[in-house]
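Trainee: Here the protein sequences come in this chain order: L and B. If you use this note's numbering, the first sequence corresponds to residues 2 to 255, in order. If you use this note's numbering, the second sequence corresponds to residues 2 to 255, in order. Quick one: structure below, then a few questions.
Protein chains: 2
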Amino acid sequence: MSTSRIAPAMAPIEKTRVAEAAFDQLISFVVKSHWRAGDKIPPERDLCQQLGIARTSLREALKAMEMIGMLDSRVGDGTFVCPRSEFLARPLLWTFTGMDHEELRDILEARLFMERDLAGLAAERATEEQIDKIGEALQVMRQRLGDGASILESDMDFHQAIAEAAHNDVMRMAVQLLRNLIRRWIERKLQMPDVCVKTLDQHAAIYKAIRKRDSAAAREAMRKHLQDTVSLVNQIVQSRASRRNSRRRSAARS
Amino acid sequence: MSTSRIAPAMAPIEKTRVAEAAFDQLISFVVKSHWRAGDKIPPERDLCQQLGIARTSLREALKAMEMIGMLDSRVGDGTFVCPRSEFLARPLLWTFTGMDHEELRDILEARLFMERDLAGLAAERATEEQIDKIGEALQVMRQRLGDGASILESDMDFHQAIAEAAHNDVMRMAVQLLRNLIRRWIERKLQMPDVCVKTLDQHAAIYKAIRKRDSAAAREAMRKHLQDTVSLVNQIVQSRASRRNSRRRSAARS
DNA sequence: ACGTATTTGTTCGTATGTATC
DNA sequence: GGATACATACGAACAAATACG
Numbered sequence: 002m003s004t005s006r007i008a009p010a011m012a013p014i015e016k017t018r019v020a021e022a023a024f025d026q027l028i029s030f031v032v033k034s035h036w037r038a039g040d041k042i043p044p045e046r047d048l049c050q051q052l053g054i055a056r057t058s059l060r061e062a063l064k065a066m067e068m069i070g071m072l073d074s075r076v077g078d079g080t081f082v083c084p085r086s087e088f089l090a091r092p093l094l095w096t097f098t099g100m101d102h103e104e105l106r107d108i109l110e111a112r113l114f115m116e117r118d119l120a121g122l123a124a125e126r127a128t129e130e131q132i133d134k135i136g137e138a139l140q141v142m143r144q145r146l147g148d149g150a151s152i153l154e155s156d157m158d159f160h161q162a163i164a165e166a167a168h169n170d171v172m173r174m175a176v177q178l179l180r181n182l183i184r185r186w187i188e189r190k191l192q193m194p195d196v197c198v199k200t201l202d203q204h205a206a207i208y209k210a211i212r213k214r215d216s217a218a219a220r221e222a223m224r225k226h227l228q229d230t231v232s233l234v235n236q237i238v239q240s241r242a243s244r245r246n247s248r249r250r251s252a253a254r255s
Numbered sequence: 002m003s004t005s006r007i008a009p010a011m012a013p014i015e016k017t018r019v020a021e022a023a024f025d026q027l028i029s030f031v032v033k034s035h036w037r038a039g040d041k042i043p044p045e046r047d048l049c050q051q052l053g054i055a056r057t058s059l060r061e062a063l064k065a066m067e068m069i070g071m072l073d074s075r076v077g078d079g080t081f082v083c084p085r086s087e088f089l090a091r092p093l094l095w096t097f098t099g100m101d102h103e104e105l106r107d108i109l110e111a112r113l114f115m116e117r118d119l120a121g122l123a124a125e126r127a128t129e130e131q132i133d134k135i136g137e138a139l140q141v142m143r144q145r146l147g148d149g150a151s152i153l154e155s156d157m158d159f160h161q162a163i164a165e166a167a168h169n170d171v172m173r174m175a176v177q178l179l180r181n182l183i184r185r186w187i188e189r190k191l192q193m194p195d196v197c198v199k200t201l202d203q204h205a206a207i208y209k210a211i212r213k214r215d216s217a218a219a220r221e222a223m224r225k226h227l228q229d230t231v232s233l234v235n236q237i238v239q240s241r242a243s244r245r246n247s248r249r250r251s252a253a254r255s
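And the structure:
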């Protein structure tokens, strides 16, 4: 009965594991922007002394940060903070091959709901400067599309500008991480024929609604846009799955 | 035990960053389901021998795996593979742990939006058993309220039952984390006069809407309920702040 | 109920290679 | 080229928690 309930993690518990505590502290330093992107953080020997832990333990935390794309260590040079857009760009190896359809579906859906809510909030709360920034991201995207360049970055920037305009740090960061998790699929989506121009049109509709301070319209425009993304990513996954199956069949024949 | 079935020996690490290579290999072992959720993986000393690296280097990779929620190590026991839902929501935890209490407002709002979406999904997707479970949580809460016992646990159980019925692991884990973060404020809220019965009524309304498969009504009922919670927590925060100020004033006088 | 073996947690010392000035 | 700063890597040792006979 009560044992089947999921254990609620008590908040003020004291970390027995040093490396984990160090990891949390490093994360909060990055998240709170005490260390900003590009910053060089103190050398390992200084840090472990500051934290009062052994260098080996600190390195476990440091390495973990590096593996998830928050830090970048270079021998003989130092350790540097990565830009937010690279967080979680690392485990794309697993994101790419390993995640099955259900897990991907949950992430895409969670992103849809959260970005929809953020779009609605942005329409209500954005400052004029923030709305301008959204418009600029849209303009950059249009420009790059005309140049035939990749619009992945400007696509992400557009969504992030909206998230910033919503004035909710928790949701902003959460949705950014989700977006990074599925970055590779967004990239593939944009490589499909005619998708780029459609994406641009949909972005324009979202921007227009936010500019008009029409919260409901912004929500609906974002929902439609991301619903399209969900469908397209599903197509990609399905086509990849069928390709894999046909390879397997032909391999079995030989 | 389970790890001894068909042990595809891991290839020794070549050169370049050892820990990173080990990390990739560990991930691929999980991704390719050589190690499945719940499996116990070989002890560190065996693994580092298989990989031909030092234990400290292996531990850096192992710790990184643990931080992203793919593995769970227990002293004296071993290291085990976590279920997928663990590490799908783990990145969200990082964004939340970095947050101070300053972001209480954002957390409450994020929770409101996400639980509202989950309630809507639950009305659409819940199985009959899951709806019954929500009803049971409601019943337990009513019972405990009659007994004069604390309803905090059953309150949380009710919300979690709805989250489970929404069939989205990412959102379920995310909202559970948020709920645990503000657990103490929920507790204080429930100690306010007349709040318990009001909470019970609101829960009943949510349950009724989900039972009727009325998604819009479920969303609205949940929104109203959590909007109330936001207001009440704000009252608590304000009263505590003013108490602190008055204490400070009286302390200054003495 | 107790003791022992197993396993992870933590630290220190040391050596090596690389980048920067 | 030399000196310095720094990350990378290994091995050994002990502590602490857990499992198991």
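Ideal Cβ placement from N, Cα and C applies to all residues, glycine included.
Just to confirm my understanding: we take Glu67(L), look at its own chain, exclude 5 residues before and 5 after, and list those with CB closer than 7 Å. What are they?
Mentor: Counting from 1 along the first sequence, the entry for residue 67(L) is found at position 66. Result list for Glu67(L): Asp73, Ser74, in chain order.
Trainee: Any beta-carbon of chain L closer than 8 Å to the one on Asp118(B)?
Mentor: Position 117 of the second sequence holds residue 118(B). By this cut-off, Asp118(B) is an interface position.
Trainee: Go through its chain and collect everything with a Cβ distance to Met142(B)'s Cβ below 7 Å, but skip five positions before and after it.
Mentor: Here residue 142(B) corresponds to residue number 141 of the second sequence, with the count starting at 1. Around Met142(B): Ile152, Ser155, Asp156, Phe159, Leu201, His204.
Trainee: Can you give, in chain order, each stretch of the beta strand (DSSP E) that sits fully within the stretch 77-101 of chain B and has at least 3 residues?
Mentor: Correct list: 79-82.
Trainee: Find out if the Cβ-Cβ distance for the pair Met71(B), Val31(B) is shorter than 8 Å.
Mentor: Locating residue 71(B) in the second sequence gives position 70, counting from the first residue. Locating residue 31(B) in the second sequence gives position 30, counting from the first residue. In contact: Met71(B) and Val31(B) (Cβ atoms closer than 8 Å).
Trainee: In its own chain, which residues sit with a C-beta less than 6 Å from the C-beta of Leu94(B), not counting the 5 before and 5 after it?
Mentor: Residue numbering aside, residue 94(B) sits at position 93 when the second sequence is read from its first letter. Hits under 6 Å: Leu178.
Trainee: Would you kindly report the start and end of the unbroken beta strand (DSSP E) that includes Arg185(L)?
Mentor: For the purposes of this step, residue 185(L) is identified with residue 184 of the first sequence, where counting begins at 1. First-last for Arg185(L): 184-191, but that is the alpha helix (DSSP H), not the beta strand (DSSP E).
Trainee: Could you list which residues in chain B have their beta carbon closer than 8 Å to that of Phe81(L), in chain order?
Mentor: Position 80 of the first sequence holds residue 81(L). Neighbours of Phe81(L) on chain B: none; closest Cβ ~16 Å, over 8 Å.
Trainee: Give me the chain L residues within the contact set of Asp148(B), using Cβ-Cβ distance strictly less than 8 Å, ordered along the chain.
Mentor: The residue given as residue 148(B) occupies position 147 in the second sequence. Those within 8 Å of Asp148(B) in chain L number zero; the least Cβ separation is about 16 Å.
Trainee: Ignore the nearest five residues each way along the sequence and tell me which others in Arg112(B)'s own chain have a CB closer than 8 Å to its CB.
Mentor: What you label residue 112(B) is simply residue 111 of the second sequence in a count that begins at 1. Val176, Leu179, Arg180, Ile183, Leu227, listed in sequence order.
Trainee: Go ahead and label Pro44(L) buried or exposed: buried means 16 or more other beta carbons lie within 10 angstroms of its beta carbon, across all protein chains shown.
Mentor: Within the first sequence, residue 44(L) is the residue found at index 43, counting from 1. The residue is exposed, with fewer than 16 neighbouring Cβ atoms inside 10 Å.
Trainee: Whole-angstrom Cβ separation of Arg126(B) and Arg220(B), contact assumed at under 8 Å?
Mentor: The count along the second sequence starts at 1 and reaches residue 126(B) at position 125. The count along the second sequence starts at 1 and reaches residue 220(B) at position 219. Not confirmed; about 14 Å, so no contact.
Trainee: Assess contact between the stretch 38-56 of chain L and the stretch 51-59 of chain B, defined as three or more Cβ pairs (one per stretch) separated by less than 8 Å. Is contact present?
Mentor: No: the two stretches stay apart, fewer than three of their Cβ pairs being nearer than 8 Å.
Trainee: Can you list the residues of chain B that Asn169(L) reaches, using a CB-CB cut of under 7 Å?
Mentor: Your numbering for residue 169(L) matches position 168 in the first sequence. The contacting residues are Asp107, Glu110, Ala111.
Trainee: Return the chain-ordered list of same chain residues with a C-beta closer than 7 Å to the C-beta of Ala210(L), the five sequence neighbours on each side being excluded.
Mentor: Here residue 210(L) is taken as the residue at index 209 of the first sequence, counted from 1. Same-chain partners within the cutoff: Ala124, Ala218, Ala219, Ala222.
Trainee: Relative to the C-alpha of Glu137(B), which residue among Ala164(B), Tyr208(B), Phe88(B), Arg189(B) is closest?
Mentor: Translated into the one-based positions of the second sequence, residue 137(B) becomes position 136. Of the candidates Ala164(B), Tyr208(B), Phe88(B), Arg189(B), the one whose C-alpha sits nearest the C-alpha of Glu137(B) is Tyr208(B).
Trainee: In whole angstroms, give me the CA-to-CA distance for Ile69(L) and Gln50(B).
Mentor: On the first sequence, residue 69(L) is found 68 positions in, with the first residue counted as 1. On the second sequence, residue 50(B) is found 49 positions in, with the first residue counted as 1. Their backbone Cα atoms lie some 25 Å apart in a straight line.
Trainee: Interface residues of chain L around Arg37(B) at Cβ under 9 Å?
Mentor: To locate residue 37(B), count along the second sequence from 1; it is residue 36. Going along chain L, no residue has its Cβ under 9 Å from Arg37(B), so there is no contact; the nearest lies around 13 Å.
Trainee: With a threshold of 8 Å, are at least 3 pairs of Cβ atoms found where one atom belongs to the stretch 34-41 of chain L and the other to the stretch 227-245 of chain L?
Mentor: Judged by Cβ distances under 8 Å, the stretch 34-41 of chain L makes no contact with the stretch 227-245 of chain L, as fewer than three pairs qualify.
Trainee: Is Ile69(B) close to chain L? Criterion is C-beta to C-beta, closer than 8 Å.
Mentor: Locating residue 69(B) in the second sequence gives position 68, counting from the first residue. Answer yes: the Cβ-Cβ gap between Ile69(B) and chain L drops below 8 Å somewhere.
Trainee: Residues of chain B with a CB under 8 Å from the CB of Met172(L): which are they?
Mentor: Against the first sequence, residue 172(L) aligns to sequence position 171. Per Cβ cutoff of 8 Å: Asp107, Glu110, Ala111, Phe114.
Trainee: Per the DSSP calculation, Asp73(B) is bridged to which residue(s)?
Mentor: Reading the second sequence from its first residue, position 72 is the one you call residue 73(B). In DSSP, Asp73(B) forms a bridge with Phe81(B).
Trainee: Measure the beta-carbon distance from Glu165(B) to Gln131(B) and round it to whole angstroms, keeping in mind my assumption that it falls under 8 Å.
Mentor: By one-based count along the second sequence, residue 165(B) stands at place 164. By one-based count along the second sequence, residue 131(B) stands at place 130. Going by Cβ atoms, the distance from Glu165(B) to Gln131(B) rounds to 6 Å, so yes, they are a contact pair.
Trainee: Between Val19(L) and chain B, is there a C-beta pair that is closer than 8 Å?
Mentor: For the purposes of this step, residue 19(L) is taken as residue 18 along the first sequence, with counting starting at 1. With 8 Å as the cut-off, Val19(L) does not count as an interface residue toward chain B.
Trainee: Val196(L) and Lys190(L) - do their beta-carbons sit closer together than 8 Å?
Mentor: Your numbering for residue 190(L) matches position 189 in the first sequence. Your numbering for residue 196(L) matches position 195 in the first sequence. The answer is yes: Cβ separation under 8 Å.
Trainee: Would you identify the three-state DSSP class for Lys41(B), choosing helix, strand or coil?
Mentor: Taking the second sequence and counting its residues from 1, one reaches residue 41(B) at position 40. The answer is strand: DSSP assigns Lys41(B) an E or B state.
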